[in-house]
Every structure is written in structure tokens, then in C-alpha cells.
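In this note's numbering, the protein residues as written are 3 to 164.
Glycine residues also receive a C-beta, built at the ideal position from the N, C-alpha and C atoms.
Remarks on the structure that follows.
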Amino acid sequence: MTKDYAIPPEIDHYACMVDLYGRSNQLEKALAFMEKMPVEPDSVILRAFLNACRANRNLELARMVENKLLELEGDNGGRYFQLASVYALGGKWDEMGWVMRTMRGKEVKKLAGCSWVQVGSGVHIFTLGARSHPEAEAIYCTLGLLIDELYDKASLDDSLLI
Numbered sequence: 003m004t005k006d007y008a009i010p011p012e013i014d015h016y017a018c019m020v021d022l023y024g025r026s027n028q029l030e031k032a033l034a035f036m037e038k039m040p041v042e043p044d045s046v047i048l049r050a051f052l053n054a055c056r057a058n059r060n061l062e063l064a065r066m067v068e069n070k071l072l073e074l075e076g077d078n079g080g081r082y083f084q085l086a087s088v089y090a091l092g093g094k095w096d097e098m099g100w101v102m103r104t105m106r107g108k109e110v111k112k113l114a115g116c117s118w119v120q121v122g123s124g125v126h127i128f129t130l131g132a133r134s135h136p137e138a139e140a141i142y143c144t145l146g147l148l149i150d151e152l153y154d155k156a157s158l159d160d161s162l163l164i
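Structural data, given as C-alpha cells:
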């Protein structure tokens, strides 16, 4: 990139590379890449790697990266939930329980997921589980119809089941 385009890589470029290695199930290459980076991995890079560890059910690497993440952003409840889900996927229920108890003991809370959707010139904000939008009833009705239609299609073609 630097040689061909005279663009020095920034932290976001490194994060993309770690994410790409992770998505292609190349955890060892991602780890080697992070170790050779001229900068310390930030929380974005570490989260990308943790997601790859979770997808590949690699508890050993997940623990390693999670410890670094907790040092960087220990009060972020999302990190605790992410680690708990890694343990759950690996069937490590005692460890998952420890993470949840630690989180409660530190009174760490996970913020609800939130999405912004632009329709025309307006922006609509949706928070996970909230039904405060003025058209919530119609939205959830339409969502239910879409889900039903997906299940109908999936029952005809098992390859659509995710």
C-alpha cells in the first residue's frame, strides 16, 4: 500500500486485515499479523479478533485477547457478554457464570443495541426491545409478516435456513 500508492497504513487498515484473516478462519495469521504491527492493537482490532475466536470456538485465543480488551475498556459491558458467549459456545458453563458474576459484582451494564435508519429526509432510531416508536405496532406487524414469509420459503428450501 505504501509502496504502490504512497499511502501509509493507519490503525483502521490494520483492523481490516485482522478482520479479513478472522473471517477466513486464519486465526494464526491474524495473530501473527497483530504481533508484527508497528502499533499496539486498539480495542477495534482486538474486538475483530475476538469475534473471529468466537466464530472458530477458539477459547484459548479468546481468553488471551479478552484479557487485553478488559484492560483497555474494563467498564464496557459488551466485552463481558462477548466473553460469556465465547464460553457458552465452548460449553464452559462455569467460566460463563464467573464472567456474569464478575460483571454483576462490578455493576457493569451492557447498553442496549441501537440502530439508525434513514428514510427520505427523516432518521428513525430503534433500540433493542423498545416499542416507543410512534409506528411501532405497524413496524412489528410488518416484521412478523416478513419472518413468516422467510420461514415459509425456508421450509421449501432447507439451504435457506441459517
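Own chain, CB closer than 6 angstroms to Glu97, minus 5 neighbours either side, in chain order
Along the sequence shown, one-based indexing puts residue 97 at 95. Non-local C-beta neighbours of Glu97 in its own chain, meaning closer than 6 angstroms and more than five positions away in sequence, comprise Tyr89, ordered along the chain.
Residue burial classification, Tyr82 (beta-carbon count within 10 angstroms, cutoff 16):
For the purposes of this step, residue 82 is taken as residue 80 along the sequence shown, with counting starting at 1. Burial call: buried.
Buried or exposed (CB count within 10 angstroms, at least 16 for buried), Leu29:
By 1-based counting over the sequence shown, the position of residue 29 is 27. Buried.
Are Val125 and Trp118 close, meaning C-beta to C-beta below 7 angstroms?
What you label residue 125 is simply residue 123 of the sequence shown in a count that begins at 1. What you label residue 118 is simply residue 116 of the sequence shown in a count that begins at 1. A distance below 7 angstroms separates the beta carbons of Val125 and Trp118.
Top-ranked residue by Cα proximity to Ser69, from Glu151, Leu91, Ala57 and Arg49:
As a position in the sequence shown, residue 69 is number 67, starting the count at 1. It is Asn, not Ser, that sits at residue 69 in the sequence shown. The shortest C-alpha separation from Asn69 is found at Arg49.
Please report the Cβ distance between Phe51 and Ala34, rounded to the nearest whole angstrom; I am assuming they are in contact, meaning their Cβ atoms lie under 8 angstroms.
Taking the sequence shown and counting its residues from 1, one reaches residue 51 at position 49. Taking the sequence shown and counting its residues from 1, one reaches residue 34 at position 32. Actually they do not touch by this definition, with Cβ atoms about 12 angstroms apart.
Distance between Ala140 and Phe128 (C-alpha atoms, nearest Å):
Stepping through the sequence shown from its first residue, residue 128 is reached at position 126. Stepping through the sequence shown from its first residue, residue 140 is reached at position 138. Their backbone Cα atoms lie some 14 angstroms apart in a straight line.
Taking 6 angstroms as the cut-off, does the CB of Ile9 come closer than this to any heavy atom belonging to the ligand FAD?
The ligand FAD is absent from the structure shown, which contains no ligands of any kind.
Local Cβ density within 10 Å of Leu85, reported as buried at 16 or more and exposed below that
Translated into the one-based positions of the sequence shown, residue 85 becomes position 83. So Leu85 ends up on the buried side.
Taking all protein chains shown into account, decide if Cys143 is buried (16 or more other Cβ within 10 angstroms of its Cβ) or exposed.
Your numbering for residue 143 matches position 141 in the sequence shown. Classification of Cys143: exposed, given that the 10 Å Cβ count is below 16.
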